[in-house]
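Everything in the sequence shown is counted per the working numbering, starting at 3 for the first residue and increasing by one.
To start, the structure itself, in structure tokens.
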Amino acid sequence: GMKKEDKEAFDKDFPLRAAYLEIIEALNESSKMTLREVLRPPADKLKAAIFEEQVPLGMATFKLERTLELVKAAVKKRDQETSKRWQANFDFAHARLLARLVYLIEYNYTLARIRADDLPELAMGQTGWRVGAAKKINSETKTKNYAKETKTILTRVMNDYPDTPWAILAQRENEFALGVQWRAKSD
């Protein structure tokens, strides 16, 4: 990496680029987490295990929210960045950071539903539950705001950088539902 004084100078001169690099690092770290995608009954036997699984999720969310604070500070200095390309990089990464936060908070909420005995009923022949995307955000208001902001930034990227790879990526990201829920499944 950079020497400490070089890094501080870089952060000061290029706040957007510095924040972008922080986002990428945070996203890479958070993607190393393995998340349970399937659940088999009896779910109440899993409560202790689920609680254990929620600990690293909480930590990852906390780290991403710390990165988001940095990003908010960088947004205020957005005009300092003269390169359109870096502005687009930053905007798209900002949206991805928010989307990842929504996913982790929503996912954690769905794990909490198991502990609260709040899972969809299983019909005949259904063998458990699978985690899937949901249009609706089920967790707290903060998450709904993150989701709204994600969409706002992605729309801005599509409008501000038309006919660029960022616009294409933003359009693709914008089609994903950000909520998470358990669905009954058959094997």
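Built from N, CA and C at the ideal position, the CB exists for glycine as well.
DSSP, reduced to helix, strand and coil, places GLN183 within a strand of the structure shown. The DSSP assignment places 167-176 as complete runs of the alpha helix (DSSP H) inside the stretch 146-183, in order along the chain (cut-off: 4 residues). Collapsing the DSSP output to three states places GLY130 in a strand.
The beta carbon of ARG185 lies closer than 6 Å to those of ARG132, GLY134 in the same chain, with the five residues before and after it left out. The Cβ-Cβ distance between ALA136 and LEU156 does not fall below 8 Å. With a threshold of 16 other beta carbon atoms within 10 Å, PHE94 meets it and is buried. LEU72 places its beta carbon 8 Å or farther from that of THR152.
Excluding residues up to 5 positions away in sequence, ALA169, ALA172, GLN173 lie with their Cβ nearer than 6 Å to the Cβ of MET160 in the same chain.
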